[in-house]
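Structure, as structure tokens:
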Amino acid sequence: MDKFILRNDDEMPALGLGTWKSTPKEVYDAIRDAIKIGYRHFDCAAFYGNEPEIGKALIDAFDSGDVIREDLWVTSKLWNNAHLKKDVRPALEKTLNDLKLDYLDLYLIHWPVALKPGVQFPSSANDFLSLDDVPTSATWKAMEACTKEGLSKHIGVSNFSIKKITELLGNCEIKPEVNQIELHPFHQQPAMLKFCNKENIVITAYSPLGSTDRPSQFKDPSEPSLLENPTIVEIANTNDLSTAQVLIRWAIQRGTAVIPKSVNPTRLKQNFDSATIPLSDEDMEKIARLEAKGRLLTGKFWDAPELGYTAATLWDE
Ligand code: A2P
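Going by this note's numbering, the first residue of the sequence shown is number 1, and it counts up by one from there.
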């Protein structure tokens, strides 16, 4: 299994299990199955609404002797409604309590977007706080304090543009070690890849299979299918792989971590196996040449121009 070496020589496995959209009911079995298959990296978030069930699965896996805590890499994320400096540590403590862990391996700022405390998802501009009022640098200071206290071994960001990371790098004591972003053959982000390589920041690719199971509020019904793309199908057929395996392997071979989500035991195993099946340079080049179709998660749901949030200010593009 490919790994990334982070600060203090800690190793993050390149392949992790995504848990966004795994229902509380489904996720317990998915985690138990995944650990038995060999997954050691789990990607979680308070917003996914399933951390208590993941915590139960982790405790039961430890108690059954399936794995020990030290051999797992567990990531979680600070939700947008806890960006105020005073709210960061309580949010992380709640996640630790739900996951039944003493520490996280990685804690990420989920989005560069601040919501008012108590707002889970915005229904109007009134639910937002502007980044002038809650600067990311202040949220980051609280993240740094949490890592200094050992609540999370590493800290990073998610959905951050090159511009936002550059600003943070100029105003931090501890560098973000990871940026988790949407990354797949329809949205390859080569400039971000180059920038993060230069800055020694690991990229984790989310929605690597196209996240077709996401709720309609996050989805355009006419969006293109990654799993059925003719080039991906052709590469899958010639290599005797599934299209999901091609997409996962492509991400790892490009030097990123990747977190495909599944709650199905057969697909969990299939996805895990793809970590070790190399694609030829020719296949990698064919995928590199695919037409860019843009983001699946456009961030439109964070539109609040009155508070300074638009697609342009979110992605800095
Ligand atoms: P399921 O959980 O039933 O396996 P993403 O990781 O991009 O968010 O995509 C997750 C979606 O892809 C889910 O609908 C998941 O369904 C599905 N999926 C996961 N693994 C595979 C696979 N190997 N083949 C086809 N679909 C998959």
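In this text, a Cβ means the ideal position worked out from N, Cα and C, and glycines have one as well.
It should be emphasised that the depicted structure is a prediction, and the values quoted were computed from it without experimental measurement.
- prompt: According to DSSP, is GLU234 helix, strand or coil?
  reply: helix
- request: Name the residue from ASP220, VAL157, GLU51 and ILE232 whose alpha carbon lies nearest to the alpha carbon of ALA205.
  value: VAL157
- request: Following the continuous alpha helix (DSSP H) through TYR28, name the residue where it begins and the one where it ends.
  value: 24 to 37
message: Rounding to the nearest angstrom, what Cα-Cα distance links TYR39 and THR19 in this structure?
response: 13 angstroms
- request: Please work out which residues of its chain come closer than 6 angstroms, Cβ to Cβ, to GLU177, disregarding the five sequence neighbours upstream and downstream, and give them in chain order.
  value: LEU6, HIS154 and GLY156
query: Taking the continuous alpha helix (DSSP H) assigned at PRO122, which residues delimit it?
result: Premise fails: PRO122 is in no alpha helix (DSSP H) and is neither H nor E.
Whole-number beta carbon distance between PHE160 and PRO112, since they are thought to touch under 8 angstroms: 6 angstroms
- request: Can you tell me which of the three DSSP states SER274 falls into?
  value: helix
- prompt: Any heavy atom of the ligand A2P closer than 7 angstroms to the Cβ of ARG7?
  reply: no
field: Any non-hydrogen atom of the ligand A2P within 7 angstroms of SER161 CB
entry: no
query: Is GLU182 near SER222, with beta carbons less than 8 angstroms apart?
result: no
query: What span of residues does the beta strand (DSSP E) with PHE301 cover, start to end?
result: Unbroken run through PHE301: none, as it is neither H nor E.
field: GLU223, DSSP secondary structure in three states
entry: coil
- request: Look at the alpha carbon of PHE218 and the alpha carbon of VAL258, and state the distance between them as a whole number of angstroms.
  value: 20 angstroms
message: Buried or exposed for GLU149, going by 16 or more other Cβ atoms inside 10 Å?
response: exposed
query: Quick one: any contact between the segment 256 to 270 and the segment 305 to 315, if contact means 3 or more CB pairs under 8 angstroms?
result: no
message: Let's see if you can read the secondary structure: which residues bound the alpha helix (DSSP H) around GLY156?
response: Here GLY156 belongs to no alpha helix (DSSP H); instead the beta strand (DSSP E) covers 152 to 158.
- prompt: On the three-state DSSP scale, how would you describe MET192?
  reply: helix
field: Option nearest ASP10 by Cα separation, candidates LEU72, LYS94 and ILE31
entry: LEU72
Rounded straight-line distance, which links the Cα of ASP33 to that of ILE59: 14 angstroms
- prompt: Just reading off the beta strand (DSSP E) that TRP73 is part of, what are its end residues?
  reply: 73 to 78
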